[in-house]
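Trainee:
Residue numbers (the numbering used here): 99 to 416.
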C-alpha cells in the first residue's frame with residue numbers, strides 16, 4: 099500500500115518518541131496520520147479506546163504511548179508505572195485486534211533485560227534473570243506488551259511487532275527537575291549551573307555505570323523501517339515467542355563521560371562531583387543490535403552532535 103493510502107494511528111504523539119515518529123512519517127510522504135489529544139481519548143479507558151478504533155479505519159498503529167520517567171520517578175511511583183502501562187498496551191492492542199488492524203508496532207525499553215545480563219544484551223536474554231529493582235514495575239509492563247503482541251500473532255495471525263530502544267534523548271524530551279532521565283536531567287542541571295555561575299555540580303551515582311544513548315529521530319527512523327519490513331524478511335530474523343528487536347547504536351559510554359560531553363555542549367567549565375551514595379542502577383546497559391543491522395538499518399547520529407541538537411531544542415523551548 100502506498101504511503102498516501104494508509105491511515106496510521108500514532109499513540110502518544112505528544113511524547114518524545116511519538117512526535118518523532120510523526121515527523122518521520124510526514125517526511126516520508128504519509129498523509130493520513132491520525133493522532134488524538136488525551137482529553138478526547140484517554141488510553142487508560144477501555145471503552146474510549148474501543149470507540150476510537152471503531153470510528154476510524156486504521157491500517158497501522160505505532161504504540162508509543164507510555165508512562166515514563168527516570169530512577170527517581172520509578173522509585174516513587176512504582177504502582178502507577180506498572181498499572182498505567184499495562185492498561186495502555188492492553189487497551190490499544192486488544193482494540194486494534196478487534197477492529198481488524200493487522201499491523202502494529204509496540205515500543206518497549208531496554209530495561210526489559212536482566213540487571214546482570216551478559217553485555218551486549220541480545221534479544222535472547224529476555225526472562226533469563228532478575229530485573230533491575232529500581233524500574234522493575236515498568237520493565238514488567240513492557241515485557242507484558244511484547245508477550246501481548248506475540249500472543250495475538252500466534253492465536254490470530256496478526257503482524258504485531260516490538261522494538262526495544264536503548265536510552266533515548268532529543269527534541270521533545272522531559273526536562274522536569276525530578277522526573278527526567280539522565281540526559282535531560284544533566285542538560286538542565288549544567289545549563290542552570292552556567293546561568294547561575296556555579297563552579298561545582300553534584301551528580302547522582304558514582305559515574306562509572308555505562309549506558310548507550312540513541313537520538314530519538316534515529317529511533318523513529320528505525321521504528322518506521324521495522325514496521326514496513328516485508329513479513330517474510332522480518333520473520334526470517336525472529337522467533338514466534340522471541341519477536342522483539344533491539345534498537346540502539348551499539349556504542350556506550352560511562353555516565354562520567356556523558357556528563358563531560360554535556361559540560362562541553364552547555365559550556366560548563368566547573369567541577370563535576372559524583373555522589374556514590376545515590377543509586378547507580380545497572381552497571382552496564384549496552385544492546386546487541388546485530389539483528390537490526392542484519393535487517394539493513396543502522397543509527398546515524400553520533401552522541402555529541404545529538405546532544406547539541408537536544409540542547410538547541412531545550413533552549414528554544416525554554
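Yeah, the Cβ is synthetic: ideal placement off N, Cα and C, and Gly gets one too.
Which residue from 201, 149 and 128 puts its Cα closest to that of residue 328?
Mentor: The count along the chain shown starts at 1 and reaches residue 328 at position 230. When each option's Cα is compared against that of residue 328, the closest is 201.
Trainee: Please say whether residue 237 and residue 161 have beta carbons closer to each other than 9 Å?
Mentor: The residue you call residue 161 lines up with position 63 of the chain shown. The residue you call residue 237 lines up with position 139 of the chain shown. For residue 161 and residue 237, no; Cβs fall outside 9 Å.
Trainee: Taking the alpha-carbon positions, what's the residue 179 to residue 141 distance?
Mentor: Here residue 179 corresponds to residue number 81 of the chain shown, with the count starting at 1. Here residue 141 corresponds to residue number 43 of the chain shown, with the count starting at 1. In a straight line, the C-alpha of residue 179 is about 14 Å away from that of residue 141.
Trainee: Just the C-alpha distance for residue 157 and residue 151, rounded to the nearest angstrom, thanks.
Mentor: As a working mapping, residue 157 is identified with position 59 in the chain shown. As a working mapping, residue 151 is identified with position 53 in the chain shown. The alpha-carbon atoms of residue 157 and residue 151 are separated by roughly 11 Å.
Trainee: In the DSSP assignment, what residue or residues form a beta bridge with residue 337?
Mentor: The residue given as residue 337 occupies position 239 in the chain shown. In DSSP, residue 337 forms a bridge with 340.
Trainee: Please confirm if the stretch 298-314 is in contact with the stretch 356-373, defined as three or more CB-CB distances below 8 Å between the two stretches.
Mentor: Cβ pair count under 8 Å is three or more, so yes.
Trainee: Do you know how far the Cα of residue 335 is from the Cα of residue 176?
Mentor: Working through the chain shown from its first residue, we reach residue 176 at position 78. Working through the chain shown from its first residue, we reach residue 335 at position 237. Cα to Cα, residue 176 sits roughly 34 Å from residue 335.
Trainee: What do you get for residue 310, buried or exposed, if any count of 16 or more other CB atoms within 10 angstroms of its CB means buried?
Mentor: If you number the chain shown from 1, residue 310 lands on position 212. Per the 10 Å Cβ criterion, buried.
Trainee: Figure out for me which residue from 282, 290 and 207 has the closest Cα to the Cα of residue 235.
Mentor: In the chain shown, counting from the first residue as 1, residue 235 sits at position 137. When only C-alpha atoms are compared, the closest one is 207.
Trainee: For residue 104, does the three-state DSSP call read helix, strand or coil?
Mentor: Counting from one through the chain shown, the residue named residue 104 turns up at place 6. Three-state result, residue 104: coil.
Trainee: If you draw a straight line from the alpha carbon of residue 289 to that of residue 274, how long is it in whole angstroms?
Mentor: The residue given as residue 289 occupies position 191 in the chain shown. The residue given as residue 274 occupies position 176 in the chain shown. The straight-line gap from Cα to Cα measures roughly 14 Å.
Trainee: Straight-line CA distance for residue 127 to residue 415?
Mentor: On the chain shown, residue 127 is found 29 positions in, with the first residue counted as 1. On the chain shown, residue 415 is found 317 positions in, with the first residue counted as 1. Approximately 27 Å between the Cα atoms of the pair.
Trainee: Can you check which of these residues, 113, 199 and 355, is closest to residue 167 by C-alpha distance?
Mentor: As a working note, residue 167 is residue 69 in the chain shown. Of the candidates 113, 199 and 355, the one whose C-alpha sits nearest the C-alpha of residue 167 is 113.
Trainee: Does the count of Cβ pairs from the stretch 216-233 and the stretch 381-388 closer than 8 Å reach three?
Mentor: Verdict: yes, contact present.
Trainee: Just to confirm, is the Cβ distance from residue 268 to residue 315 under 9 Å?
Mentor: Position 170 of the chain shown, counting from 1, holds the residue named residue 268. Position 217 of the chain shown, counting from 1, holds the residue named residue 315. It is a contact, given that the beta carbons lie within the stated cut-off.
Trainee: Return helix, strand or coil for residue 176, following the three-state DSSP convention.
Mentor: Within the chain shown, the letter at position 78 stands for residue 176. Helix.
Trainee: Using CA coordinates, which residue listed in 105, 355, 211 and 196 is at the minimum distance from residue 239?
Mentor: As a position in the chain shown, residue 239 is number 141, starting the count at 1. The shortest C-alpha separation from residue 239 is found at 211.
Trainee: Here's the rule I'm using: 16 or more other beta-carbon atoms within 10 Å means buried, otherwise exposed. How should residue 400 be labelled?
Mentor: Position 302 of the chain shown, counted from the first residue, corresponds to residue 400. Exposed is the call here.
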